[in-house]
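Worksheet: the structure to be examined is printed underneath.
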Amino acid sequence: MDFTVKQIASLLLGDIIGNAEAKVNQLAKIDEEAKSGSICFLANPKYENFIYTTNATAVIVKDDFQPKQSIDTTLILVKDPYIAFTKLLEEYNKLAQQYNAHQRIGIEQPSFAGKNLKTGERFYLGAFAYVGNDCEIGDDVKIYPHCFVGNNVKIGNGTVIHPGAKIYDNTQIGCNCNIHAGAIIGSEGFGFAPQADGTYKSIPQLGNVILKDNVNIGANTTVDRATIGSTLIQEGVKLDNLIQIGHNVIIGEHTVMAAQAGIAGSTKIGRMCSIGGQVGIVNSIQIADYTQIGAKAGVNGSIKQEKTTVIGAPAMEFKNFMKSSVIFRKLPELQKRIEQLEEKILNLPPSKG
Amino acid sequence: MDFTVKQIASLLLGDIIGNAEAKVNQLAKIDEEAKSGSICFLANPKYENFIYTTNATAVIVKDDFQPKQSIDTTLILVKDPYIAFTKLLEEYNKLAQQYNAHQRIGIEQPSFAGKNLKTGERFYLGAFAYVGNDCEIGDDVKIYPHCFVGNNVKIGNGTVIHPGAKIYDNTQIGCNCNIHAGAIIGSEGFGFAPQADGTYKSIPQLGNVILKDNVNIGANTTVDRATIGSTLIQEGVKLDNLIQIGHNVIIGEHTVMAAQAGIAGSTKIGRMCSIGGQVGIVNSIQIADYTQIGAKAGVNGSIKQEKTTVIGAPAMEFKNFMKSSVIFRKLPELQKRIEQLEEKILNLPPSKG
Amino acid sequence: MDFTVKQIASLLLGDIIGNAEAKVNQLAKIDEEAKSGSICFLANPKYENFIYTTNATAVIVKDDFQPKQSIDTTLILVKDPYIAFTKLLEEYNKLAQQYNAHQRIGIEQPSFAGKNLKTGERFYLGAFAYVGNDCEIGDDVKIYPHCFVGNNVKIGNGTVIHPGAKIYDNTQIGCNCNIHAGAIIGSEGFGFAPQADGTYKSIPQLGNVILKDNVNIGANTTVDRATIGSTLIQEGVKLDNLIQIGHNVIIGEHTVMAAQAGIAGSTKIGRMCSIGGQVGIVNSIQIADYTQIGAKAGVNGSIKQEKTTVIGAPAMEFKNFMKSSVIFRKLPELQKRIEQLEEKILNLPPSKG
Chain A
194 MDFTVKQIAS
204 LLLGDIIGNA
214 EAKVNQLAKI
224 DEEAKSGSIC
234 FLANPKYENF
244 IYTTNATAVI
254 VKDDFQPKQS
264 IDTTLILVKD
274 PYIAFTKLLE
284 EYNKLAQQYN
294 AHQRIGIEQP
304 SFAGKNLKTG
314 ERFYLGAFAY
324 VGNDCEIGDD
334 VKIYPHCFVG
344 NNVKIGNGTV
354 IHPGAKIYDN
364 TQIGCNCNIH
374 AGAIIGSEGF
384 GFAPQADGTY
394 KSIPQLGNVI
404 LKDNVNIGAN
414 TTVDRATIGS
424 TLIQEGVKLD
434 NLIQIGHNVI
444 IGEHTVMAAQ
454 AGIAGSTKIG
464 RMCSIGGQVG
474 IVNSIQIADY
484 TQIGAKAGVN
494 GSIKQEKTTV
504 IGAPAMEFKN
514 FMKSSVIFRK
524 LPELQKRIEQ
534 LEEKILNLPP
544 SKG
Chain B
194 MDFTVKQIAS
204 LLLGDIIGNA
214 EAKVNQLAKI
224 DEEAKSGSIC
234 FLANPKYENF
244 IYTTNATAVI
254 VKDDFQPKQS
264 IDTTLILVKD
274 PYIAFTKLLE
284 EYNKLAQQYN
294 AHQRIGIEQP
304 SFAGKNLKTG
314 ERFYLGAFAY
324 VGNDCEIGDD
334 VKIYPHCFVG
344 NNVKIGNGTV
354 IHPGAKIYDN
364 TQIGCNCNIH
374 AGAIIGSEGF
384 GFAPQADGTY
394 KSIPQLGNVI
404 LKDNVNIGAN
414 TTVDRATIGS
424 TLIQEGVKLD
434 NLIQIGHNVI
444 IGEHTVMAAQ
454 AGIAGSTKIG
464 RMCSIGGQVG
474 IVNSIQIADY
484 TQIGAKAGVN
494 GSIKQEKTTV
504 IGAPAMEFKN
514 FMKSSVIFRK
524 LPELQKRIEQ
534 LEEKILNLPP
544 SKG
Chain C
194 MDFTVKQIAS
204 LLLGDIIGNA
214 EAKVNQLAKI
224 DEEAKSGSIC
234 FLANPKYENF
244 IYTTNATAVI
254 VKDDFQPKQS
264 IDTTLILVKD
274 PYIAFTKLLE
284 EYNKLAQQYN
294 AHQRIGIEQP
304 SFAGKNLKTG
314 ERFYLGAFAY
324 VGNDCEIGDD
334 VKIYPHCFVG
344 NNVKIGNGTV
354 IHPGAKIYDN
364 TQIGCNCNIH
374 AGAIIGSEGF
384 GFAPQADGTY
394 KSIPQLGNVI
404 LKDNVNIGAN
414 TTVDRATIGS
424 TLIQEGVKLD
434 NLIQIGHNVI
444 IGEHTVMAAQ
454 AGIAGSTKIG
464 RMCSIGGQVG
474 IVNSIQIADY
484 TQIGAKAGVN
494 GSIKQEKTTV
504 IGAPAMEFKN
514 FMKSSVIFRK
524 LPELQKRIEQ
534 LEEKILNLPP
544 SKG
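Residue numbers (our numbering), protein chains in the order written: chain A, 194 to 546; chain B, 194 to 546; chain C, 194 to 546.
Structure (structure tokens):
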């Protein structure tokens, strides 16, 4: 699909400097690889040099952009190039989704559907997907190949279950969720009671998992079901790939977690928190709303104060960790200075005290 | 299924205070969400307040419990409420399992079975499951949809392979194991020999994986097969989700590992060890029996003394790490004190030495 | 298959001490478990004791090996026992592969193939595998059961996609790659734009993933597709299990990464780097060629100097980290020495300055 720069500028409410009739047919990054026919954006001043040499046909720039050299490419001037480009991506994506949605409707065979399956409009069930008994599935739900959906599962409108995701019995999933490939929702939590002889006995895990609306579960992420009650992921939570969520964890609205982080059983995370990659959080604690946890932190106690920022293992206040880290690098020097002090003191005249 | 409080108290050998004929039909946590018809337990004093306001029909409490206010709910008095509740969960689970076992028997279609497949009583093979040639499978084995079982695999009585787990050729699995969804058993270990030109050559991985009885493998956990010989997971070992076990690793009986921990190739872990979440253990070392490794530790050398407790990266004795961690937080203050000392020394009269 | 020691020595260009006609039929580790009929190797002096007691029929040793006791087993003397044994493994593997390749040819049913599928010679498509529309697949490609291959995917000659791997639309895979079980290639990157009200909006992820030749992707590893453009894994890169590669990451030729490491979005890793287990690398930085990153390091800034070795979180030069770590263990002692100094200073006669 070809568009003119004029069409795009009109969509973005931007002004044009250069050839308004130039045609673009793909989105690209502004670097040496952008080809003729591409449209890029320039938001980060660090990439400004590319604008003078790029082969891209058009570049979206901020409306106060002042070129330092001559420019061959056509410019589209907007208030915020990043937001404008995102808008462009979305429009492109709508087209792509229309195309995909068109493709992904209907029941591919062979697939497996249990008893009493209720489905909505424009349902897609991929080949080799398995849906158990007594499931209720909304409109525009897409279940890709190799997904397993157990018995008595509810899935809201517009939710997409990507290839190979596994959803255990009794899971409840809201609307417009994305469960990415290989994610496991509702597996048995790690519940083992130590016995007197040092062996472990399995504790039955009878609860389920509830995902509210607009939840994102990354590829190969695992969410354990509750021992009793529910593991609960509130509205708008975004989990990245390879994350572990223990049994009975509760994650508050619009909290985001980066890849490979883990939360142990029964811990409760507040709303709008931000949790970095490879963070670990111990079991049975509470994290206040708006907490920010830096990458690789090990959180071993509750955080009660909202808007706290922590990092390190064990986790501590961000600024303090950074100060201590700087000195950690200088420890050999510090040790030396202590030795020198000791030597000097030794050589002093004896105290009169 | 409804039960009377009397029936339950009799099962738990407990005494009743309140309505022995009250009917309960579900297990719940003691909090504001417990509904009429629920039975809960109170073990942690922190939750005592709930007992005065709960809508639960019955609560299991310790036999010396002294209420501070009037109580509406019926009490069951036992020696240890947590153990009693666990027993209740187990009984409930037995019923649920009987129900499930009833459901999950037989061969769903389409499924794929290779040549010379030997199976036992009450076998379940889910739709889209794949079993290769020359496999021997015991009684009460359940292989869920989308599982892959390679050639020449042995699986003992009562083992359950959850949806989408992959078992490579020549794997041996004992009795009553649980292999959770998405787990990979026997994939090719990371064996690459560096070449003179800086590239890597793949080393053939010819061994297998052996899981003894009562082993638990968590969701999306990966266990690599041996280069030669066997990667060996001994009886009763419990692995949580998203764990990595390298080629030729040996894990001793009844050792437990929390989520996202990893053990590099050829390392040998003792019996009844406890390994925390996100722990990393380097290759080719040995960890003594009963070792406890705290969350996020990085173990880079053998631990020879039994019952050692370590934490930190690099790992060190637990108490020492904790002491050093406390001082780490005070490093800026310590640096300041050194500066002050230096200043004071400078201002001292010159030494006579 | 039985071989004589003579046959093997001739393959390895080695000399024999002992029975040249003895027959071996398996490769084994030199320990108490090696059985009669096995051939082992001795490279590490630490295992020398085994050579005097082993039941193995033959052992490959270095040509200058001087026994300290009498030896029952037959010896094959070579220049480098490790390399010789690797060669033996390879020969064994060739036989095994011929056997396997023989087994794994053709289309098992049921499987699913979309429109316009082009495949090469000796193609294997396992039962329950799914291949979308417009895919181009080379010679000797093996796609195991439960794999998902989206639309418009290209796969080069000799590449193996192991059970249950998922390859999203538009992925390009080179020749002789190994994508292990449960790996996810091309899933949606973690792109969410924060909104003014604290919620997040999904950013369309329109790019793809490109894997060049000889790439290894470990079991349950996830590689996100680019927002725009390509996530790029260059020739010869070896990724272990459970690794996370963010959107738009570029990894240079022949770089190796150990298990559970993660690289955040848009970071560029150089050639022939070595990245340890559980390492985390933040987004949008650059790591120079030949960088070595120790296990568990947290890299939060670009590394510009080639051949740098770092470790720690935040990462620092290896030697410095080790020195500081040693002193970290002694922090309580250091604190005490500062206290003692302060006390001594206090007791000094007043300064004349």
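Here a beta-carbon is modelled for each residue, glycine too, at the ideal position from N, C-alpha and C. Predicted model only: the values in this text are computed from it and were never measured.
Residue closest to residue i, alpha-carbon to alpha-carbon, out of the options
{"i": "A:Tyr-393", "options": "B:Ala-306, B:Gly-400, B:Thr-502 and B:Lys-431", "result": "B:Lys-431"}
{"i": "C:Ile-478", "options": "C:Gly-494, C:Ile-468 and C:Ser-467", "result": "C:Gly-494"}
{"i": "A:Ile-426", "options": "A:Phe-305, A:Ile-372 and A:Pro-387", "result": "A:Ile-372"}
{"i": "A:Pro-387", "options": "B:Ile-538, B:Thr-279 and B:Pro-525", "result": "B:Thr-279"}
{"i": "B:Phe-305", "options": "B:Phe-316, B:Gly-319 and B:Tyr-323", "result": "B:Tyr-323"}
{"i": "C:Lys-405", "options": "C:Phe-383, C:Asn-369, C:Asp-273 and C:Asn-212", "result": "C:Asn-369"}
{"i": "C:His-339", "options": "B:Pro-303, B:Phe-316, B:Ile-348 and B:Ile-366", "result": "B:Pro-303"}
{"i": "B:Val-503", "options": "B:Gln-533, B:Ala-419, B:Glu-532 and B:Gly-469", "result": "B:Gly-469"}
{"i": "A:Asp-208", "options": "A:Glu-241, A:Asp-257, A:Ala-452 and A:Gly-349", "result": "A:Asp-257"}
{"i": "C:Asp-482", "options": "C:Arg-464, C:Val-475, C:Val-492 and C:Lys-497", "result": "C:Arg-464"}
Residue i, enclosing alpha helix (DSSP H) - first and last residue
{"i": "C:Ser-304", "result": "Here C:Ser-304 belongs to no alpha helix (DSSP H), and DSSP marks it neither H nor E."}
{"i": "C:Ser-229", "result": "No alpha helix (DSSP H) holds C:Ser-229; DSSP gives it neither H nor E."}
{"i": "A:Val-198", "result": "198 to 205"}
Residues that residue i contacts on chain A, provided the C-beta gap is smaller than 7 angstroms
{"i": "C:Met-509", "result": "Arg-522"}
{"i": "C:Pro-303", "result": "Pro-303"}
Residue i - containing beta strand (DSSP E), residue span
{"i": "B:Pro-525", "result": "First-last for B:Pro-525: 524 to 539, but that is the alpha helix (DSSP H), not the beta strand (DSSP E)."}
{"i": "B:Ser-395", "result": "393 to 395"}
{"i": "A:Lys-579", "result": "Summary: the structure shown does not reach residue 579 of chain A, with chain A confined to residues 194 through 546, and so no result is reported for it."}
{"i": "C:Thr-502", "result": "502 to 504"}
{"i": "B:Asp-417", "result": "415 to 417"}
{"i": "B:Val-442", "result": "Run containing B:Val-442: none; DSSP gives neither H nor E here."}
{"i": "A:Val-271", "result": "267 to 271"}
{"i": "C:Val-402", "result": "401 to 404"}
{"i": "C:Gly-379", "result": "377 to 380"}
{"i": "A:Pro-387", "result": "385 to 387"}
Exposure label - residue i; buried when at least 16 CB within 10 Å
{"i": "B:Gln-262", "result": "exposed"}
{"i": "B:Gly-546", "result": "Note on B:Gly-546: pLDDT 43, under 50, position unreliable in the model; the coordinate value appears next. With fewer than 16 Cβ atoms within 10 Å of its Cβ, B:Gly-546 is classed as exposed."}
{"i": "B:Ile-539", "result": "In the sequence as displayed, the identity of residue 539 of chain B is Leu instead of Ile. Answer is exposed; the Cβ neighbour count stays below 16."}
{"i": "C:Asn-363", "result": "buried"}
{"i": "C:Thr-246", "result": "exposed"}
{"i": "C:Gln-437", "result": "buried"}
{"i": "A:Glu-446", "result": "buried"}
Neighbouring residues, chain A, relative to residue i (Cβ below 8 angstroms)
{"i": "C:Arg-530", "result": "Ile-531 and Glu-535"}
Under 7 angstroms by beta carbon: chain C residues contacting residue i
{"i": "B:Val-475", "result": "Ala-488"}
{"i": "B:Ile-403", "result": "Near B:Ile-403 there are no residues of chain C at all, since even the closest Cβ is about 12 angstroms away, more than 7 angstroms."}
Neighbour list for residue i in chain B, Cβ cutoff strictly below 8 angstroms
{"i": "C:Ile-538", "result": "Leu-534, Lys-537 and Ile-538"}
{"i": "C:Phe-383", "result": "In chain order: nothing, as chain B lies at least about 17 angstroms away."}
{"i": "C:Asn-434", "result": "Ile-377, Ser-380, Phe-383, Thr-415, Asp-417 and Gln-437"}
Chain F within 9 angstroms of residue i, Cβ atoms only
{"i": "B:Ala-277", "result": "Given the protein chain composition of this structure (A, B and C), no chain F is represented."}
Chain B contact residues for residue i, given Cβ-Cβ distances below 7 angstroms
{"i": "A:Ile-377", "result": "Ala-374, Gly-375, Ala-412 and Asn-413"}
{"i": "C:Pro-238", "result": "Those within 7 angstroms of C:Pro-238 in chain B number zero; the least Cβ separation is about 14 angstroms."}
Proximal chain A residues relative to residue i, where beta-carbon distance stays under 9 angstroms
{"i": "C:Ala-386", "result": "Tyr-275, Ile-276 and Thr-279"}
Residues that residue i contacts on chain C, provided the C-beta gap is smaller than 8 angstroms
{"i": "B:Leu-399", "result": "Leu-220, Leu-282, Tyr-285, Asn-286 and Ala-289"}
{"i": "B:Asn-212", "result": "Those within 8 angstroms of B:Asn-212 in chain C number zero; the least Cβ separation is about 48 angstroms."}
{"i": "B:Gly-313", "result": "None at all; the shortest Cβ gap to chain C is about 23 angstroms."}
State whether the region 229 to 236 of chain B contacts the region 509 to 526 of chain A, with contact taken as three or more CB pairs (one from each stretch) at a distance under 8 angstroms.
no
Within the chosen definition, does the region 411 to 430 of chain A reach the region 440 to 451 of chain A through at least 3 CB pairs nearer than 8 angstroms?
yes
Is the number of C-beta pairs between the region 297 to 312 of chain C and the region 322 to 330 of chain A that are closer than 8 angstroms three or more?
no
Between the region 456 to 471 of chain B and the region 484 to 492 of chain B, do at least 3 Cβ pairs fall closer than 8 angstroms?
yes
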